[in-house]
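One structure below.
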Amino acid sequence: MQPFKPCFSNRVGTTLFVLVILMSPVIIPEVQAGNYFKGQITYATYCQGCHGSDGKGALSGAPNFTRGLSLMKPDALLFDTVINGRNAMPGFQGVLKNEDIYNVISYIRNFH
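Going by this note's numbering, the sequence shown opens with residue 2, and the numbers climb by one from there.
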């Protein structure tokens, strides 16, 4: 009796595995429409002092927007952080309009 041989070679199995991974859905945060250019102006006025002009965080504890980890959150969670504040960051409820916040989110999502 011959030993059992798999139906697929390693090459075929590896190819199938790669295809399954590539075809799997990628988790992308829900994005609200925001105006990048208006967000840039609002960011410079209200955010740059702590988060830096380059988004890398000018103060200790300010997230680095050039690394994707801070921005993997959905817009709704980022919006909530801006409205209510978090840790040392003050909330901007009553200071910024909802539209302004979504504009800033659009801007910071484009830091590299």
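Note that the Cβ used here is the ideal one computed from N, Cα and C, for glycine as well.
- If you check the CB distance, residue 34 and residue 51 do not come in under 7 Å.
- The continuous alpha helix (DSSP H) containing residue 52 extends over residues 49 to 52.
- In the three-state DSSP reduction, residue 97 falls in the strand class (E or B).
- Assigned with DSSP and collapsed to three states, residue 12 falls in helix.
- The alpha-carbon separation between residue 80 and residue 40 amounts to approximately 13 Å.
- Its Cα nearest to that of residue 76, the residue 110 stands out among 67, 65, 110 and 15.
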